[in-house]
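Enquirer: The structure is given below, and queries will be raised subsequently.
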DNA sequence: CGTTAGATTGATCATATTCAATAGAAGTGG
DNA sequence: CCACTTCTATTGAATATGATCAATCTAACG
């Protein structure tokens, strides 16, 4: 199985030529499996590799003084997690696993080579980091403008759409192995309040989350309470949207 | 005056060679002045130019259903505002001015040329978009984990540090022409509550904001209540941090 | 079958919102 | 320079939302 199979899948990957896929594949140095609930990169330390998540759920987060943490991103299969670390050389946040995770490691030196020789592939990698930035913005909106119900519904909707394009969700059902505490850390809420919020969503027939599985029961109403519009995910639309066709295939 | 004077100033610009500065300068098609409180780019519409902010304050924001808006970024002089639009081709948010603004426009076609020929400069531009992403993450933290006092203090501290590196702030004093309403839209608070929060900060001797000017009176205490650590701004530190020296200069 | 992490519920408290009114500052036209 | 308008800032009272603290309860697992 090719390790870059899910990278940018459904989000601009069609613009990648077969040759470019090979180049990216060859940039992977090795594949590792990380245990659940492990810190992978600490804020501030120099990074020399970027990580492509193959399976599992990881997160990026920042710690507050009171011991609580704030997730700033949820990373799902296909995400080139810390490609940000390539131009930045160090990260401003921690990276960790939530579940056991299988990752492919790409040394920055090999990315240098891609930059020097493959402008179109460079633009795709650049693009993938900007998809992250777009998610960040939506998270800002979520935290700044939505109430608890909206926030929880929003994370769930976002995760659903992202998992669907990489073949891990269908008909509103998907594995979502976060605790209510984790969800709270993503939504700026306490775990207790997430619990009450989930009960509300369940009683209203919008969704249901139990034993690591989410079932969205009413997509239109979920979208409404979450003020969710999927355009910010840049899922492939008719006409593509990446400009010029890729070279070489 | 060269229009790219403030681009990446204090944030990795030292890694740019004289030749690279010329190339970037030449990529500018024209300079415009935009009136205050104007929408520059609408969510979803295709973008063909990216905008370098020379003077003034602009913002990126998203609208909520209830009519309120959430700022997702505050753009200050030297910012290459919507370079994000280059790999993405359309934006997921609106861009507008808060004050009158002077901007330089760079056609995407010219960025294509830079990508094809200047990998190091490409990495710098990529980097500049990732500095935005780092700010986004900090905003998520701010909204998710800080109370009103912390949030307001945090925006102010961030703006101060950013304005200082482009020579627009000194000794804790700087022009900051946002209304309390604007500040609320950045902090996920109502304008009314921003007012009460500013009063608190003033009465506690931390800072003071009036008639478009901020005076930070106690930097250490401001940093504490805002849980502010400036590392995420990637201000130039000893040793640089951009890896290999630039070519050609 | 005990252990443990996570989920659930209740009671109380803190923080920010909402609604409403008033005050002040800046800009406009006479 | 003043009257007028408008936008912004300020304050109060009532309300709503989510946090905190403290118990259970439940499911998964050795």
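Residue numbers (full-length UniProt numbering), protein chains in the order written: chain A, 1 to 249; chain B, 1 to 249.
Glycine is no exception: its CB is placed at the ideal position from the N, C-alpha and C atoms.
If you're wondering where the values come from, they're calculated on a predicted model, not measured in any experiment.
Nearest chain A C-beta to residue 23 of chain B closer than 7 Å, yes or no?
Expert: Numbered from its first residue, the second chain carries residue 23 of chain B at position 23. False, the Cβ-Cβ gap to chain A never drops below 7 Å.
Enquirer: Between A:23, A:96, A:208, A:3, which has its C-alpha nearest residue 172 of chain A's C-alpha?
Expert: By one-based count along the first chain, residue 172 of chain A stands at place 172. Closest by alpha carbon: A:208.
Enquirer: Residue 227 of chain B versus chain A: which residues are under 8 Å apart at the beta carbon?
Expert: For the purposes of this step, residue 227 of chain B is taken as the residue at position 227 of the second chain. The contacting residues are 64, 65.
Enquirer: Between the Cα of residue 250 of chain A and those of B:29, B:106, B:134, B:5, spot the shortest distance and give me the residue it belongs to.
Expert: Because residue 250 of chain A is not part of the residues shown, which for chain A are 1 to 249, the question remains open.
Enquirer: Need the endpoints of the alpha helix (DSSP H) that residue 160 of chain B sits in, please.
Expert: Here residue 160 of chain B refers to the residue found at position 160 when the second chain is read from its first residue. Run containing residue 160 of chain B: 148-165, per the alpha helix (DSSP H) assignment.
Enquirer: In whole angstroms, give me the CA-to-CA distance for residue 203 of chain B and residue 69 of chain B.
Expert: If you number the second chain from 1, residue 203 of chain B lands on position 203. If you number the second chain from 1, residue 69 of chain B lands on position 69. Approximately 29 Å between the Cα atoms of the pair.
Enquirer: Using a Cβ-Cβ cut-off of 6 Å (strictly less than) and excluding sequence neighbours within five positions of residue 78 of chain A, which residues of its own chain qualify?
Expert: Translated into the one-based positions of the first chain, residue 78 of chain A becomes position 78. The answer, listed in chain order, is 6, 7, 9, 166.
Enquirer: At what residues does the beta strand (DSSP E) containing residue 41 of chain B begin and finish?
Expert: Locating residue 41 of chain B in the second chain gives position 41, where the first residue counts as 1. Taken as a continuous stretch (DSSP letters only), the beta strand (DSSP E) holding residue 41 of chain B covers 39-41.
Enquirer: What residue range does the alpha helix (DSSP H) around residue 96 of chain B cover?
Expert: To locate residue 96 of chain B, count along the second chain from 1; it is residue 96. Segment 94-97 is the beta strand (DSSP E) holding residue 96 of chain B; no alpha helix (DSSP H) there.
Enquirer: Kindly indicate if chain A contains any beta-carbon less than 7 Å away from that of residue 144 of chain B.
Expert: Taking the first residue of the second chain as 1, we reach residue 144 of chain B at position 144. So yes, residue 144 of chain B belongs to the interface.
Enquirer: With a threshold of 16 other CB atoms inside 10 Å of the CB of residue 192 of chain B, please say whether the residue is buried or exposed.
Expert: If you number the second chain from 1, residue 192 of chain B lands on position 192. By the neighbour-count rule (16 or more Cβ atoms within 10 Å), residue 192 of chain B is not buried but exposed.
Enquirer: Just tell me which of B:112, B:113, B:118 has its CA closest to the CA of residue 113 of chain A.
Expert: Counting from one through the first chain, the residue named residue 113 of chain A turns up at place 113. Closest option to residue 113 of chain A, Cα to Cα, is B:118.
Enquirer: Could you tell me which chain A residues have their CB closer than 9 Å to the CB of residue 129 of chain B, listed as they occur along the chain?
Expert: Counted from its first residue, the second chain places residue 129 of chain B at position 129. Correct list: 87, 126, 129, 130, 133.
Enquirer: Based on Cα-Cα distance, which residue from B:17, B:92, B:153, B:84 lies nearest to residue 200 of chain B?
Expert: For this step, residue 200 of chain B is matched to residue 200 along the second chain. Cα-wise, what sits closest to residue 200 of chain B is B:153.
Enquirer: Whole angstroms are fine: how far does the CA of residue 92 of chain A sit from the CA of residue 170 of chain A?
Expert: Taking the first residue of the first chain as position 1, residue 170 of chain A is located at position 170. Taking the first residue of the first chain as position 1, residue 92 of chain A is located at position 92. Roughly 35 Å between the two C-alpha positions.
Enquirer: Take the Cβ of residue 214 of chain B as the centre, count every other Cβ of all protein chains shown within 10 Å, and call the residue buried at 16 or more, exposed below.
Expert: By 1-based counting over the second chain, the position of residue 214 of chain B is 214. The residue in question, residue 214 of chain B, is buried, as its Cβ has 16 or more Cβ neighbours within 10 Å.
Enquirer: Counting along the chain, where does the beta strand (DSSP E) carrying residue 114 of chain A start and finish?
Expert: Reading the first chain from its first residue, position 114 is the one you call residue 114 of chain A. That residue, residue 114 of chain A, is in no beta strand (DSSP E); its alpha helix (DSSP H) goes 108-117.
Enquirer: Name the two residues that bound the continuous beta strand (DSSP E) containing residue 11 of chain A.
Expert: The residue you call residue 11 of chain A lines up with position 11 of the first chain. From DSSP, residue 11 of chain A is part of no beta strand (DSSP E); its letter is neither H nor E.
Enquirer: Using alpha carbons as the reference points, say which of B:137, B:101, B:127, B:145 lies closest to residue 225 of chain B.
Expert: For the purposes of this step, residue 225 of chain B is taken as residue 225 along the second chain, with counting starting at 1. Checked all of B:137, B:101, B:127, B:145; the closest Cα to residue 225 of chain B is B:145.
Enquirer: Rounded to the nearest angstrom, what separates residue 131 of chain B and residue 210 of chain A at their Cα positions?
Expert: Position 131 of the second chain, counted from the start, is the residue given in the question as residue 131 of chain B. Position 210 of the first chain, counted from the start, is the residue given in the question as residue 210 of chain A. Straight-line Cα distance between these residues: approximately 38 Å.
Enquirer: Could you compute how far the alpha carbon of residue 34 of chain B sits from the alpha carbon of residue 58 of chain B?
Expert: Here the question's residue 34 of chain B lines up with position 34 in the second chain. Here the question's residue 58 of chain B lines up with position 58 in the second chain. Rounded to the nearest angstrom, the two C-alpha atoms are 10 Å apart.
Enquirer: What number of angstroms, rounded off, separates the C-alpha of residue 107 of chain A from the C-alpha of residue 100 of chain A?
Expert: Position 107 of the first chain, counted from the start, is the residue given in the question as residue 107 of chain A. Position 100 of the first chain, counted from the start, is the residue given in the question as residue 100 of chain A. Those two C-alpha atoms are separated by around 22 Å.
Enquirer: Mind listing the chain A neighbours of residue 193 of chain B? Cutoff is C-beta to C-beta under 7 Å, in chain order.
Expert: Along the second chain, read from residue 1 onward, the residue named residue 193 of chain B stands at position 193. In chain order: nothing, as chain A lies at least about 13 Å away.
Enquirer: Kindly provide the ranges of any alpha helix (DSSP H) runs that are 4 or more residues long and lie completely inside the stretch 166-195 of chain B, ordered along the chain.
Expert: For the stretch 166-195 of chain B, whole alpha helix (DSSP H) runs of length 4 or above, ordered along the chain, are 180-187.
Enquirer: Give the DSSP-derived three-state secondary structure of residue 3 of chain A in the structure shown.
Expert: The count along the first chain starts at 1 and reaches residue 3 of chain A at position 3. Reduced to three states, the DSSP call for residue 3 of chain A is coil.
Enquirer: Taking the alpha-carbon positions, what's the residue 253 of chain B to residue 127 of chain A distance?
Expert: No information on residue 253 of chain B is available, as it lies outside the stretch 1 to 249 that chain B covers here.
Enquirer: Count the other CB atoms within 10 Å of the CB of residue 250 of chain A; is the residue buried (16 or more) or exposed (fewer)?
Expert: With chain A covering only 1 through 249, there is no way to say anything about residue 250 of chain A.
Enquirer: Alpha carbon to alpha carbon, how far is residue 198 of chain A from residue 12 of chain B? Give it in angstroms, no decimals.
Expert: Here residue 12 of chain B refers to the residue found at position 12 of the second chain. Here residue 198 of chain A refers to the residue found at position 198 of the first chain. Near 45 Å, if we compare the C-alpha coordinates of residue 198 of chain A and residue 12 of chain B.
Enquirer: What are the boundary residues of the alpha helix (DSSP H) that includes residue 86 of chain B?
Expert: Here residue 86 of chain B refers to the residue found at position 86 when the second chain is read from its first residue. 85-88 is the span of the alpha helix (DSSP H), which, as asked, contains residue 86 of chain B.
Enquirer: Looking at residue 185 of chain A and residue 98 of chain A, is the spacing between their C-beta atoms short of 7 Å?
Expert: Here residue 98 of chain A corresponds to residue number 98 of the first chain, with the count starting at 1. Here residue 185 of chain A corresponds to residue number 185 of the first chain, with the count starting at 1. The answer is no: Cβ separation not under 7 Å.
Enquirer: Could you name the residues of the stretch 94-117 of chain B whose beta carbon sits closer than 7 Å to any beta carbon of chain A, in the order they occur along the chain?
Expert: Taking 7 Å as the Cβ-Cβ cut-off against chain A, the residues of the stretch 94-117 of chain B that qualify are 115, 116.
Enquirer: Per DSSP, residue 104 of chain B forms a beta bridge with which residues?
Expert: If you number the second chain from 1, residue 104 of chain B lands on position 104. In the DSSP output, where bridge partners are listed per residue, residue 104 of chain B has B:31, B:52.
Enquirer: The beta strand (DSSP E) spanning residue 225 of chain A covers which residue range?
Expert: In the first chain, counting from the first residue as 1, residue 225 of chain A sits at position 225. From DSSP, residue 225 of chain A is part of no beta strand (DSSP E) but of the alpha helix (DSSP H) over 219-226.
Enquirer: Hey, is residue 208 of chain A's beta-carbon within less than 7 Å of any beta-carbon in chain B?
Expert: As a first step, residue 208 of chain A must be located in the first chain, where it is residue number 208. So, not an interface residue.
Enquirer: Taking only beta-carbon positions, decide if residue 260 of chain B is within less than 7 Å of chain A.
Expert: Any question about residue 260 of chain B goes unanswered here, given that chain B covers just 1 to 249.
Enquirer: Which two residues bound the contiguous beta strand (DSSP E) that contains residue 61 of chain B?
Expert: Within the second chain, numbered from 1, the residue matching residue 61 of chain B stands at position 61. Counting along the chain, the beta strand (DSSP E) containing residue 61 of chain B begins and ends at 58-63.
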